[in-house]
Amino acid sequence: QDEEKWDFVLVSDIHEVGSEKEIKRKKFLDELSQKGFTIKKIEDKKLFYGVRAPKYIFRKYQWLLRNPDSRLQDPSAHHDVPVTTRIRIVNFILQNTVTPDHEKLCDLLKKKVFEAKFPLHEKEEVREFLKQKWARWRDLFCQQPIEKIRCYFGEKVALYFAWLGWYTYLLGFAAMIGLVVFVAGITVFNSSQVSKEICEANNTIMCPLCDQKCPFWLLSDTCTYARVTHMIDNEGTVLFAMFMAIWATVFLELWKRQRATVVTKWDLYGWDEDEEELALELINNLHHEPRRYQHSYLRSTIVLLLVLVMIAVLIGIAHALVIYRVIVTALFTQSDFEFLREQANTVAVMTGAVLHYLTIVIMTKVNRRVALFLCDLEKPRTFSQRENNFTIKIFIFQFFTNFSSLIYIAFFLGRINGHPGNYVRIAGKWRLEECHPSGCITDLFIQMAIIMMLKQTISNLMEYLVPWIAHKIRNRQKRPKKRHMVLGEEEEAEDPCKKQWLSNYQLNEVNIFSLFDEFLEMVIQYSFTTIFVAAFPLAPLLAFCNNLFEIRLDAIKMMRLRRRMVPRKANDIGIWLQVLEAIGILSVIGNGLVIAITSDFIPVQVYKYTYSPCMTENNTAVDCLTGYINHSLSVFHVQDFEPYMKLAEKLPDFVKDDIRVCRYRDYRNDDDYSYTVQFWHVFAARLAFLILFEHVALCVKLIAAWYVPDVPQSVKNHLLDEKHSNLRKELSMMDYSTEV
1 QDEEKWDFVL VSDIHEVGSE KEIKRKKFLD ELSQKGFTIK KIEDKKLFYG VRAPKYIFRK
61 YQWLLRNPDS RLQDPSAHHD VPVTTRIRIV NFILQNTVTP DHEKLCDLLK KKVFEAKFPL
121 HEKEEVREFL KQKWARWRDL FCQQPIEKIR CYFGEKVALY FAWLGWYTYL LGFAAMIGLV
181 VFVAGITVFN SSQVSKEICE ANNTIMCPLC DQKCPFWLLS DTCTYARVTH MIDNEGTVLF
241 AMFMAIWATV FLELWKRQRA TVVTKWDLYG WDEDEEELAL ELINNLHHEP RRYQHSYLRS
301 TIVLLLVLVM IAVLIGIAHA LVIYRVIVTA LFTQSDFEFL REQANTVAVM TGAVLHYLTI
361 VIMTKVNRRV ALFLCDLEKP RTFSQRENNF TIKIFIFQFF TNFSSLIYIA FFLGRINGHP
421 GNYVRIAGKW RLEECHPSGC ITDLFIQMAI IMMLKQTISN LMEYLVPWIA HKIRNRQKRP
481 KKRHMVLGEE EEAEDPCKKQ WLSNYQLNEV NIFSLFDEFL EMVIQYSFTT IFVAAFPLAP
541 LLAFCNNLFE IRLDAIKMMR LRRRMVPRKA NDIGIWLQVL EAIGILSVIG NGLVIAITSD
601 FIPVQVYKYT YSPCMTENNT AVDCLTGYIN HSLSVFHVQD FEPYMKLAEK LPDFVKDDIR
661 VCRYRDYRND DDYSYTVQFW HVFAARLAFL ILFEHVALCV KLIAAWYVPD VPQSVKNHLL
721 DEKHSNLRKE LSMMDYSTEV
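Pasting the structure below:
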């Protein structure tokens, strides 16, 4: 039975005898035979070569990487190597076997000498268990069998699922609190004095929203929008943003503990990746010389400059989206449809968000190409170093792709557009967008909601349906031909390997980025969940629901729809941990800025404690925010509009006489339109709050990181006991040898 287990299968087209491809294939297979590999050939519409490594290769591996304590045992005693390790070693040797023409397997795959290489999904007990108990939708709320995943897919995949499970578990708490904050907002907003004033402002005439024949409008028209804004923009979200900054730290600290426990159980706590790689190199080729560490300042400078150019391009795309929204708003406000005219701004924001999602989808593919090109420029020493470099670059590119538009809406929208009589224009023609009188935070909320919804529904559907449909189509194509084979040539169809190899070949291929893509998707989602959570308290809830499905989706893809991944050894999630820590710091900065700049929290507090009736008249009978809206709107004299500003010919119904003045959102004097004292007062308060919030949040993060140790005491004690017992053994052996 063991003799019929094959480590790898190579697939090739049937080439003409004597053709260049056939000669190259023969040379490669001869090299493998010389290394003692057993090769079995099966012919169908393609050629399949089963490859099995000789036992001495695994003995060498065990001997080189035996634990220090196993050196004290009988060196001739060797246990079976786990399947995952077998596949890993064979994969390494296949990748690094060089033909007499100095070509490796990757070159032969590029030249179409071979079409595919993959390890097999075996019909083993672990696989059946995982299929029944893990890769099923009905196990949505069950715990994952991490040990079994490790036995089948190796440590790297097991750690990904352990991390994803842990992240989802802790997201549950954040999601509940986010929901409470949101519901509290819904129940509280009706009683908000600010939205009440906006809804009752029947005689506050606002300045037109565009240059060409836009009407004056009443502030009370935006009653609904104001209510929605105060549903998000209240004291609860400030506390929730603070909570999420602490949550991000606690999550990472607890994950470090979890990882230490899991890795100690696997006996990989002190595992050394370099030693592993050198051992595999020597097993493959005894005369191998290790590649030296190198660093070139010139190369690093070029890479840095190219990264900056790419970031500039991504920011340029965000600018293009801004220009799109400005032009679309201008067009919609002159539309014949009443709905489009009235909701021009909201429709522009919504279509802009959909367009932003499309740019994310397209730029993700471009970013990958660019990041790979930059990695090749750097010439990293090992595969894992290359992976780390690639991870950081693609994360930076993806971050700007996903967030540059959100950063504009959060921090620039409505702050750089000038004022009536002196607007900032694109190409001297189109006015920049303005914030709504009740704040910009709703625009940010809409943008976040649309992008998160689209990313999680469309992307997940595509992620599952594309491989599923591809798999079904392949199966459909193969079926009738197989039946014909059974009838025509029964003796050949009897080979038990043939059916298994064919069914594995028909699955979707995996590459080195298969797991990387899953990680990247989750890390970008983690950024959405933490960075602008002050504007979108439902983000953790959406992420939590998405992850419950994501775990099973990934499991089903790996078990049923894809070929088996080459297992990789690891004792942590690698560079992703540093990326997550960086996001944690960005989330403090991002949320601090959202509350200080985007939200109306600070101006409201300044009014409440400085200018309100409670303070000026000592009148405690009224709500302290009475008069806030009037206070936050400036007066503009209609005669001061620019010459090419065309006002609507027909005056709105609510106007009895000519309009002399209109109001706009800003703190400016009504004679020379310079900033008022209140503006500087609010500006100072915003800065003070930002500094205070960030310092307090970062201090709390540091205290949380110190309070929760990275490594549990049980793990430390276990390692201590192990060292102690090994040293005692060494001493007793020494005493024994001196006595003899």
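Position one of the sequence shown corresponds to residue 1 (full-length UniProt numbering), numbered consecutively onward.
Backbone N, C-alpha and C fix where the C-beta goes; we use that ideal spot for every residue, glycine too.
Using the Cβ count rule (16 or more neighbours within 10 Å means buried), how would you classify ASN547?
buried
Rounded C-alpha distance that separates ASP721 from TYR464:
47 Å
7 Å Cβ shell around LEU487 - same chain, five flanking residues per side excluded
Low confidence applies here, because LEU487 scores a pLDDT of 46, under 50, leaving its location unreliable; read the following figure in that light. Once the five neighbours on either side are set aside, LEU487 has no close Cβ partner at all.
Judging by CA-CA distance, which residue of LEU538, PRO145, THR224 and ILE691 is the nearest neighbour of LEU593?
ILE691
Buried or exposed for ARG291, please, with buried defined as at least 16 other CB atoms from any protein chain shown within 10 angstroms of its CB.
exposed
To the nearest angstrom, report how far apart ALA697 and LEU10 are at their CA atoms.
55 Å
Is there contact between the stretch 184 to 200 and the stretch 556 to 566, where contact requires at least three CB pairs shorter than 8 Å?
no
Using the rule of at least 16 other Cβ atoms within 10 Å of the residue's Cβ for burial, across every protein chain shown, is GLU433 buried or exposed?
buried
Could you have a look at ALA449 and say whether DSSP puts it in helix, strand or coil?
helix
With DSSP as the reference, please indicate the residues paired to THR38 in a beta bridge.
ARG52
Near ILE659, what residues of its chain come up, given a Cβ to Cβ distance below 8 Å and the 5 sequence neighbours on each side ignored?
ILE205, PHE216, VAL638 and LEU651
Rounded to the nearest angstrom, how far is the Cβ of ALA534 from that of ALA241, given a contact under 8 Å?
4 Å
Let's test the definition: count the other Cβ atoms within 10 Å of the Cβ of ALA684 and tell me whether it reaches 16, buried, or not, exposed.
exposed
Residues near CYS223 by beta carbon distance below 7 Å, same chain, minus five either side:
ILE198 and CYS199
Enclosing beta strand (DSSP E) for ALA116 [first to last residue]:
116 to 118
Can you look up GLN605 in the DSSP assignment and give me helix, strand or coil?
helix
What ranges does the beta strand (DSSP E) occupy inside the stretch 646 to 729, keeping only unbroken runs of at least 3 residues that lie completely in it?
661 to 665
LEU321 and GLY270 look like a contact to me (Cβ under 8 Å); what is the Cβ gap, rounded to whole Å?
Not a contact, Cβ separation roughly 49 Å.
When you compare the stretch 146 to 160 with the stretch 36 to 51, are there three or more beta-carbon pairs, one atom per stretch, that lie closer than 8 Å?
no
Ignore the nearest five residues each way along the sequence and tell me which others in VAL711's own chain have a CB closer than 6 Å to its CB.
ALA260
Can you name, in chain order, every residue of its own chain whose Cβ lies under 8 Å from the Cβ of ASP139, other than the five neighbours on each side?
LYS133 and ARG552
What is the C-beta distance between LYS729 and GLY584, in whole angstroms, given that I count them as a contact (C-beta under 8 Å)?
Actually they do not touch by this definition, with Cβ atoms about 43 Å apart.
Environment of LYS482 [buried if 16+ CB atoms lie within 10 Å]:
Residue placement at LYS482 cannot be trusted, given a pLDDT of 43 that sits under 50; what the coordinates show is reported in the next sentence. The residue is exposed, with fewer than 16 neighbouring Cβ atoms inside 10 Å.
Would you say the stretch 439 to 458 touches the stretch 403 to 413, given that touching needs at least three Cβ pairs under 8 Å?
yes
Looking at the C-beta of LYS104, does it have a partner C-beta in chain D at a distance below 8 Å?
Absent from the structure is chain D; it holds one protein chain and no more.
From the DSSP output, which residues share a beta bridge with SER634?
TYR664
Are the Cβ atoms of ASN367 and THR401 separated by less than 8 Å?
yes
Sheet register partners of TYR423 (DSSP bridge):
GLY418
Pick helix, strand or coil for PHE513, following the three-state DSSP scheme.
coil
Based on Cα-Cα distance, which residue from ALA648, LEU130, LYS111 and PRO119 lies nearest to GLU20?
LYS111
With distances taken between CB atoms, is the gap from ASP211 to MET558 smaller than 8 Å?
no
Report the option in CYS207, PHE549, SER12 and CYS375 whose CA atom is closest to the CA atom of LEU108.
SER12
Please classify residue 743 as buried or exposed, where buried requires at least 16 neighbouring CB atoms within 10 angstroms.
For the chain, the structure presents residues 1 to 740; residue 743 sits outside this window and is missing.
I'd like the ranges of any alpha helix (DSSP H) spanning at least 4 consecutive residues and lying wholly in the stretch 269 to 309.
273 to 284
Put ARG483 into one of helix, strand or coil per three-state DSSP.
Its pLDDT being 44, under 50, ARG483 is placed unreliably by the model, and the measurement read from it follows with that caveat. Helix.
Closest to PRO613 by CA distance: which of LEU164, HIS631 and LEU218 is it?
HIS631
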